[in-house]
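Undergrad: Pasting a structure below so you can have a look.
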């Protein structure tokens with residue numbers, strides 16, 4: 001049993017780490033709350049070996065300029081071994097009405113802890129925070145105010161980074177958007193779960209993170225929520241959430257090697273969500289929905305096929321992916337994909353498994369050529385009038401896609417760029 005002296009000493013240690021509690025007020029304009037106990041915001045934090053970054057996460061929560069009596073922070077520990085759980089319990093002891101620490105066991109990923117957080121959430125809104133990231137001090141007050149004022153089911157806050165971890169900041173340059181379109185607004189292109197969700201949307205819709213996936217589990221959850229929300233809003237007026245790149249490279253979402261079955265499952269389930277919840281003609285025209293689908297899960301499948309050394313297995317995987325891809329062959333937004341990926345799709349549409357696999361072997365997961373195997377990737381540029389095509393002759397068949405000269409990779413090592421320069425020299429000479 002912890003003595004009062006020990007508890008006081010632990011609280012002093014927590015406070016000396018720079019953890020301050022500031023209470024000034026959410027706006028009390030909301031009508032018809034569906035929250036329990038007056039809680040407006042539930043912050044769900046899956047925790048696994050995130051020290052010392054987690055201390056800054058906690059400090060940013062305690063430094064909020066809102067009434068923290070209307071906030072609950074659910075720390076869902078997944079078996080931390082670095083002292084994070086013990087630190088969280090100290091914080092809970094000092095702020096028992098604010099923090100709730102739950103030990104989930106060792107589930108191997110953030111999905112189970114996040115789902116447990118959804119079940120426990122009492123707030124009108126829920127925000128999913130990674131244990132190594134942190135908030136701007138006005139974030140809670142501003143997010144809840146915007147969501148209430150705009151009647152948002154999902155609020156996409158401006159994310160920023162102070163490190164090399166990539167964050168798409170460009171979409172927020174267009175300012176606040178009260179009623180954003182999942183088809184056309186760039187901020188809706190992100191499938192990061194670091195957003196504000198109306199708790200009722202998740203609970204009544206049965207929207208949960210897919211358990212058992214160790215990568216891309218966020219994609220399915222966020223896509224389903226975006227597709228079923230009545231209103232999505234974008235808050236670009238403040239630096240709400242700071243995304244941190246850990247020195248040890250152990251962020252919960254760190255990349256893992258390609259895995260065909262996992263990526264194929266995600267691709268199929270995302271495709272099914274689009275067919276079930278979205279307007280299919282608009283999906284095909286969308287600047288974001290189809291390109292996003294192919295950039296990640298589909299590209300992971302292609303990479304797996306390229307790395308497969310068994311010819312019969314490779315053919316089987318190719319046929320499965322081709323069947324799943326067929327509905328998208330005619331989608332107009334395919335033209336927005338990188339030329340390398342469109343060349344892959346051309347080979348797949350023609351049923352050429354050999355060329356597809358050899359080409360895929362030298363494409364990075366993000367869709368760029370690695371230029372390691374020049375026997376496969378010696379593509380050339382062909383001009384026809386005002387049009388420019390990039391491709392390769394393979395086994396007597398010409399595979400090529402139209403490209404925009406202005407969008408050819410800037411790298412001086414780009415084979416396409418070098419070929420284009422050479423051709424321009426011939427024309428100009």
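In UniProt numbering, the protein residues as written are 1 to 429. Note that CB positions come from ideal geometry on N, CA and C, so glycine has one too. Remember, it's a predicted structure, so these values are computed and weren't measured experimentally.
1. List, from N- to C-terminal side, the alpha helix (DSSP H) runs of 4 residues or more that fit wholly inside the stretch 84 to 167.
2. Spell out a yes or no on whether the stretch 83 to 92 and the stretch 114 to 122 are touching, meaning 3 or more CB-CB pairs, one atom from each, closer than 8 Å.
3. Check this for me: beta carbons of residue 171 and residue 195, under 8 Å apart or not?
4. Round the Cβ separation of residue 233 and residue 178 to the nearest angstrom and send it over; I've been treating them as touching at under 8 Å.
5. Roughly how many angstroms lie between the CA atoms of residue 98 and residue 216, to the nearest whole one?
6. Please confirm if the stretch 255 to 271 is in contact with the stretch 290 to 300, defined as three or more CB-CB distances below 8 Å between the two stretches.
7. Around the Cβ of residue 198, are there at least 16 other Cβ atoms within 10 angstroms (buried) or fewer (exposed)?
8. So, under 8 Å CB-CB, residue 102 and residue 73 are touching, yes? Tell me the CB distance rounded to an integer number of Å.
9. State the DSSP-derived secondary structure class of residue 174, mapped to helix, strand or coil.
10. So for residue 327, helix, strand or coil by DSSP?
11. Near residue 50, which residues of its chain fall below 6 Å by C-beta distance, leaving aside the five closest residues on each side in sequence?
12. With a Cβ-Cβ cutoff of 8 Å, do residue 330 and residue 184 count as a contact?
13. Rank 303, 290 and 358 by C-alpha distance to the C-alpha of residue 334 and give the top, closest one.
14. Assuming residue 41 and residue 125 form a contact by the criterion Cβ under 8 Å, report the distance between their Cβ atoms to the nearest whole angstrom.
15. Just the Cα atoms here: how many angstroms apart are residue 283 and residue 332?
16. Quick test of the definition: if touching needs 3 or more C-beta pairs under 8 Å, does the stretch 136 to 152 touch the stretch 229 to 243?
17. According to DSSP, is residue 288 part of a helix, a strand, or is it coil?
18. Helix, strand or coil for residue 297 per DSSP?
19. Ordered along the chain, which non-local residues of its own chain (more than five positions away) have a Cβ less than 7 Å from that of residue 274?
20. So the alpha helix (DSSP H) residue 61 belongs to, where does it begin and stop?
21. Give me the Cα-Cα distance between residue 69 and residue 127, rounded to the nearest whole angstrom.
22. Taking the C-alpha atoms as reference points, what is the distance between residue 307 and residue 109?
23. Taking a contact to mean a Cβ-Cβ separation below 8 Å, would you say residue 316 touches residue 270 in this structure?
24. Suppose the cutoff is 6 Å on Cβ atoms and the five residues either side in sequence are ignored; what does the same chain contact list for residue 54 look like?
25. Buried or exposed for residue 313, going by 16 or more other Cβ atoms inside 10 Å?
26. Taking residue 201 as the reference, give the member of 190, 182 and 231 with the closest Cα.
27. For the candidate residues 304, 261 and 328, whose alpha-carbon lies nearest to that of residue 281?
28. When every heavy atom of the ligand PLP is checked, does at least one fall within less than 7 Å of the C-beta of residue 304?
29. Terminal residues of the continuous alpha helix (DSSP H) containing residue 341?
30. Find the nearest neighbour of residue 43 within the set 77, 123 and 86, judged by alpha-carbon distance.
31. What does a CB cutoff of less than 8 Å around residue 47 pick up in its chain, not counting 5 residues either side in sequence?
32. CA-CA distance, residue 337 and residue 189?
33. In whole angstroms, what separates the C-alpha of residue 419 from that of residue 149?
34. Enumerate in chain order the residues of its own chain whose CB-to-CB distance from residue 2 is below 6 Å, with the five nearest sequence positions on each side excluded.
35. Extract the residue ranges of the alpha helix (DSSP H) inside the stretch 186 to 216, only unbroken runs of 4 or more that lie entirely within it.
36. Using alpha carbons as the reference points, say which of 341, 355 and 260 lies closest to residue 321.
TA: Working from what's here:
1. 84 to 94, 111 to 120 and 139 to 150
2. no
3. no
4. 5 Å
5. 30 Å
6. yes
7. buried
8. About 11 Å separates the two Cβ atoms, so there is no contact after all.
9. DSSP, reduced to helix, strand and coil, places residue 174 within a helical segment of the structure shown.
10. helix
11. Excluding positions up to five away in sequence, the list reads 84, 131 and 132.
12. no
13. 290
14. 5 Å
15. 9 Å
16. yes
17. coil
18. helix
19. Answer for residue 274: 283 and 289, listed in chain order.
20. 53 to 62
21. 16 Å
22. 26 Å
23. no
24. Its chain contains 84 and 131 as the residues whose beta carbon lies nearer than 6 Å to that of residue 54, once the 5 sequence neighbours on both sides are disregarded; these appear in chain order.
25. exposed
26. 231
27. 328
28. The ligand PLP is absent from the structure shown, which contains no ligands of any kind.
29. Run containing residue 341: 339 to 349, per the alpha helix (DSSP H) assignment.
30. 123
31. Apart from the 5 residues on each side of it in sequence, residue 47 sits with its Cβ closer than 8 Å to the Cβ of 54, 75, 76, 77, 78, 80, 84, 85, 88, 113 and 131 in its chain, given in chain order.
32. 14 Å
33. Caution applies to residue 419, whose pLDDT of 48 falls short of 50 and renders its modelled position unreliable; the value that the coordinates give is listed next. Between residue 419 and residue 149, the C-alpha separation is close to 55 Å.
34. Because residue 2 carries a pLDDT of 47, less than 50, the predicted location of this residue cannot be relied on, and the following value inherits that uncertainty. Once the five neighbours on either side are set aside, residue 2 has no close Cβ partner at all.
35. 199 to 205
36. 260
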